[in-house]
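The structure appears right after this line, and notes come after that.
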């Protein structure tokens with residue numbers, strides 16, 4: 001049973017560029033959440049996708065956007081990259097039933113470096 | 116604002132020592148609580164969770180945590196640590212609203228010396 005997978009593992013971009021990160025949820029899960037983990041910090045919630053819609057959003061600017069596909073996989077897009085966007089981006093998948101989202105399981109993350 | 120505090124940023128223990136990592140949360144209303152662990156080179160894994168019921172929760176690898184509502188705390192404990200417990204431990208919380216928007220603490224790095 002495959003767990004949560006993310007691609008790419010590492011990414012280096014320059015300021016002003018755009019980046020797309022990808023996530024495939026654990027088999028049987030239908031909900032994907034994205035988190036940003038800066039060095040020495042705990043993960044911070046970016047947003048959550050369920051039924052191909054953004055269900056809830058954290059305190060991140062509109063430069064951060066996402067998408068969920070019919071197969072439940074998801075993308076995180078970041079436009080106009082800033083140095084401060086350098087972080088580990090984590091995807092977490094879960095199952096939502098009757099509107100309630102169950103425990104989240106995390107992928108290995110994508111390490112983004114902005115130069 | 117909702118927040119989670121972990122007071123110990125770095126903990127160093129010898130094998131067989133007892134472990135207690137502190138976690139306090141600031142939330143109004145019913146809260147779900149979690150401990151996640153990140154072993155070196157691995158991704159975040161769930162250790163244990165509390166949604167409701169018995170406030171003493173048992174997790175994997177001999178870990179347990181106690182939810183004390185009056186103290187807004189959810190401390191993680193293990194009676195006897197092993198070298199393989201060396202990892203970073205994160206406490207997390209979310210409102211019991213169904214969305215599971217997790218708020219994490221800053222983490223505690225545990226080093227267990229053999």
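Chains as they are written, first to last, in my numbering: chain R, 1 to 115; chain Z, 116 to 229. Built from N, CA and C at the ideal position, the CB exists for glycine as well.
Flag residue i as yes if its beta-carbon sits less than 8 Å from any beta-carbon of chain R, otherwise no.
i	result
residue 176 of chain Z	no
residue 186 of chain Z	no
residue 219 of chain Z	yes
residue 225 of chain Z	no
Any beta-carbon of chain Z closer than 8 Å to the one on residue i?
i	result
residue 103 of chain R	yes
residue 100 of chain R	yes
residue 25 of chain R	no
residue 8 of chain R	no
residue 48 of chain R	yes
residue 28 of chain R	no
residue 84 of chain R	no
residue 11 of chain R	no
residue 108 of chain R	yes
Compute the distance between the beta-carbons of residue i and residue j, then report whether it is under 8 Å.
i	j	result
residue 129 of chain Z	residue 195 of chain Z	no
residue 223 of chain Z	residue 41 of chain R	no
residue 76 of chain R	residue 89 of chain R	yes
residue 186 of chain Z	residue 179 of chain Z	no
residue 189 of chain Z	residue 151 of chain Z	no
residue 206 of chain Z	residue 147 of chain Z	no
residue 74 of chain R	residue 66 of chain R	yes
For residue i and residue j, which I take to be in contact (beta-carbon distance under 8 Å), what is that distance rounded to the nearest angstrom?
i	j	result
residue 104 of chain R	residue 215 of chain Z	6 Å
residue 22 of chain R	residue 7 of chain R	5 Å
Give me whichever residues DSSP pairs with residue i in a beta bridge.
i	result
residue 146 of chain Z	Z:210
residue 13 of chain R	R:114
residue 137 of chain Z	Note: residue 137 of chain Z sits in no beta bridge, so no partner.
residue 190 of chain Z	Z:181
residue 119 of chain Z	Z:140
Below 8 Å, how does it come out for the segment 27-36 of chain R and the segment 6-17 of chain R: are there three or more Cβ pairs, yes or no? no
Evaluate the contact criterion for the segment 202-218 of chain Z versus the segment 38-55 of chain R: three or more CB pairs, one atom per stretch, below 8 Å. yes
Is it true that the segment 119-127 of chain Z meets the segment 106-113 of chain R, where meeting means three or more beta-carbon pairs spaced less than 8 Å apart? no
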